[in-house]
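Visitor: So the protein lines, in turn, are chains A and B. If you want our numbering, it's the position in the first sequence, counting the first as 1, plus 30. If you want our numbering, it's the position in the second sequence, counting the first as 1, plus 5. Starting off with a structure, shown below.
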Amino acid sequence: MALDKFQIAKRIAKELKDGYYVNLGIGIPTLVANYIPEGMNVVLQSENGLLGMGPFPKEGMQDPDLINAGKQTITTLPGSVFFDSAMSFGMIRSGKVNLTVLGAMEVSEKGDIANWKIPGKMVKGMGGAMDLVASAKNIIVAMMHTNPKGESKLLTQCALPLTGVSCVKKIVSDLAVLDVTEKGFKLLERAPGVTVDEIISKTQGNLIVEGEIPEMIL
Amino acid sequence: MNKIFKNAKEATADIKEGVTIMFGGFGLCGIPENCIASLVEMKVSNLTCISNNAGVDDFGIGLMLHQKQVKKMISSYVGENAEFERQLLSGELEVELIPQGTLATRCMAAGYGLPAIYTPAGVGTEVANGKEIRSFNGKDYLLEMAFDADFALVKAWKGDTLGNLIFKGTARNFNPLMAMAGKITIAEVEELLPAGELDPNEIHTPGIYVNRIFKGENYEKRIENLTLSK
């Protein structure tokens with residue numbers, strides 16, 4: 031069975047390490063916050079100017095002056111800090127943020143990512159994504175392996191306008207966990223019940239399959 | 006030295022057609038509601054607006070878009086605004102989309118008196134088209150120019166009669182950067198206090214950057230995406 035978005039988030043949470051500062055993008059990446067292991071100290075950065083993002087508020091406790099980068103109402107935690115947008119991207123550019131998780135429309139076998147524009151159809155803008163992918167040391171992409179038409183989103187080359195070049199390190203899709211290596215996508219794990227053949231057939235870019243591929247442990 | 010104005014109408018009265026204006030805020034959080042309402046009432050047009058977002062259909066800069074007051078929008082993210090998208094796709098509105106960190110840093114550069122900055126954001130993408138690329142320590146960077154804005158309209162939580170400002174929560178965002186970057190900076194505040202009432206240790210924006218200040222009224226502070234935990 032392919033993973034649902036919650037299971038993708040849960041699998042990505044296994045990549046977290048104690049002491050990490052992490053930026054979670056909009057969509058599936060935001061869900062990763064729900065699966066931070068008990069007792070692990072992870073500080074969430076929101077690029078609109080907050081370190082130490084807490085859970086969504088209880089009804090009646092929402093504050094219009096306290097939102098995340100997805101414009102959702104949020105809360106602070108003990109030790110939280112606010113700052114302006116230049117400092118926010120300063121800590122991103124200078125490599126202080128350990129991990130960035132974001133969504134993608136396409137990823138290439140070289141680690142290029144496209145996630146901000148579909149020419150003639152959708153122009154929402156890149157937000158902070160271009161800054162994040164240009165500077166983050168470790169970038170994990172959370173995505174569906176194929177588009178609604180069933181076409182692969184893991185490609186030899188991205189067709190859509192790029193967000194960043196040679197930057198994605200790892201992909202967690204609904205079907206598989208893959209590393210982006212110099213030679214292409216390297217298959218590490220498959221979703222429970224998903225065959226290697228299915229992953230091969232749904233990966234258009236170069237896919238490296240070596241030895242037995244274990245099922246993900248969720 | 007008098008920086009105090011009675012209201013938004015007086016503080017924005019000399020904003021003329023065709024000028025470039027910065028608007029603080031992220032989404033609808035920390036936007037200068039009173040100043041925007043005044044510009045909507047003045048119907049001043051042909052504006053170039055620098056703002057992270059473009060409001061929503063019926064609030065924020067979205068109100069100015071509806072009256073076709075905006076000639077050009079410089080933003081990083083413009084989703085959630087159908088009228089914006091319509092004007093963009095029909096070619097009525099000129100739009101320059103730039104990375105959010107680049108937007109912030111181009112404001113910062115202006116406020117720090119620097120003509121330009123180098124950033125890696127956008128290297129290898131269409132954002133790099135026509136821009137100087139320079140390599141430092143083996144990594145490529147784009148040359149991005151400081152903004153040149155006639156006015157910066159910002160919203161603070163507290164301010165004093167000398168223009169010193171304190172922001173609240175994530176409503177800080179672009180506000181202190183833009184406050185430093187405008188040729189004329191107009192600050193609207195929820196609370197306007199006599200000089201001396203704010204703790205100098207806690208001031209975010211020194212009043213030297215603020216030309217005009219007024220106490221805003223009737224803040225709606227609309228929440229764009231109310232999300233609650235159970």
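For each residue, glycine too, the CB sits at the ideal point set by N, CA and C. Keep in mind that this is a model prediction, so the values were computed, not measured.
1) What in chain A is Cβ-close to residue 228 (chain B), meaning under 7 Å?
2) Quick check on residue 136 (chain A): buried or exposed, where buried means 16 or more other Cβ atoms within 10 Å of its Cβ?
3) Which whole runs of the alpha helix (DSSP H) in the stretch 125-184 of chain A are 4 residues long or more, in chain order?
4) Taking the C-alpha atoms as reference points, what is the distance between residue 159 (chain B) and residue 66 (chain A)?
5) Using the beta-carbon of each residue, which ones in chain A are nearer than 7 Å to residue 178 (chain B)?
6) Pick helix, strand or coil for residue 230 (chain B), following the three-state DSSP scheme.
7) Can you tell which of A:212, A:235 and A:248 has its C-alpha closest to the C-alpha of residue 219 (chain A)?
8) What are the start and end residues of each continuous beta strand (DSSP E) run of 3 or more residues lying completely inside the stretch 82-140 of chain B, in chain order?
9) From B:9, B:161, B:163 and B:128, pick the residue whose C-alpha is nearest to that of residue 147 (chain B); which is it?
10) Report yes if the C-beta of residue 102 (chain B) is less than 7 Å from at least one heavy atom of the ligand FAD; otherwise report no.
11) Which residues in the same chain as residue 120 (chain B) place their Cβ atom closer than 6 Å to its Cβ, once the five residues preceding and following it in sequence are excluded?
12) How should residue 189 (chain A) be labelled, buried or exposed, when 16 other C-beta atoms within 10 angstroms of its C-beta is the threshold for buried?
13) I'd like to know if the stretch 217-229 of chain B and the stretch 8-26 of chain B are in contact, where contact means that at least 3 CB-CB pairs between them fall below 8 Å.
14) Going by C-alpha distance, which of A:196, A:194 and A:232 is nearest residue 205 (chain A)?
15) Can you check which of these residues, B:95, B:85, B:203 and B:172, is closest to residue 166 (chain B) by C-alpha distance?
16) Beta-carbon of residue 138 (chain A) versus every beta-carbon of chain B: anything under 8 Å?
17) For the stretch 47-77 of chain B, which residues have a beta carbon sitting closer than 7 Å to at least one beta carbon of chain A?
18) Could you spell out the range, first to last residue, of the beta strand (DSSP E) harbouring residue 40 (chain B)?
Guide: Taking the definition as stated:
1) The residue given as residue 228 (chain B) occupies position 223 in the second sequence. Per Cβ cutoff of 7 Å: 92, 94 and 103.
2) Residue 136 (chain A) sits at position 106 when you count from the first residue of the first sequence. Looking at its Cβ environment, which holds 16 or more other Cβ atoms inside 10 Å, residue 136 (chain A) is buried.
3) 159-165
4) The sequence position of residue 159 (chain B) within the second sequence is 154, counting from 1. The sequence position of residue 66 (chain A) within the first sequence is 36, counting from 1. Answer to the nearest angstrom: the Cα atoms are 37 Å apart.
5) The residue you call residue 178 (chain B) lines up with position 173 of the second sequence. Ordered by position in chain A, the residues that pass the 7 Å Cβ test against residue 178 (chain B) are 78, 79, 114 and 115.
6) Locating residue 230 (chain B) in the second sequence gives position 225, counting from the first residue. Residue 230 (chain B): strand per DSSP, three-state reduction.
7) Start at 1 with the first residue of the first sequence, and residue 219 (chain A) comes out as number 189. For the residues A:212, A:235 and A:248, the minimum Cα distance to residue 219 (chain A) belongs to A:248.
8) 99-102 and 121-124
9) As a first step, residue 147 (chain B) must be located in the second sequence, where it is residue number 142. When each option's Cα is compared against that of residue 147 (chain B), the closest is B:128.
10) This structure simply doesn't include the ligand FAD, nor any ligand for that matter.
11) Position 115 of the second sequence, counting from 1, holds the residue named residue 120 (chain B). Taken in chain order, the residues that qualify are 151.
12) As a first step, residue 189 (chain A) is located in the first sequence; it is residue number 159 there, counting from the start. So residue 189 (chain A) counts as exposed.
13) yes
14) Counted from its first residue, the first sequence places residue 205 (chain A) at position 175. Of A:196, A:194 and A:232, the residue nearest in Cα terms is A:232.
15) Here the question's residue 166 (chain B) lines up with position 161 in the second sequence. Taking only the C-alpha atoms, the option nearest residue 166 (chain B) is B:203.
16) On the first sequence, residue 138 (chain A) is found 108 positions in, with the first residue counted as 1. With 8 Å as the cut-off, residue 138 (chain A) does not count as an interface residue toward chain B.
17) none
18) As a working mapping, residue 40 (chain B) is identified with position 35 in the second sequence. No beta strand (DSSP E) holds residue 40 (chain B); the alpha helix (DSSP H) holding it covers 38-47.
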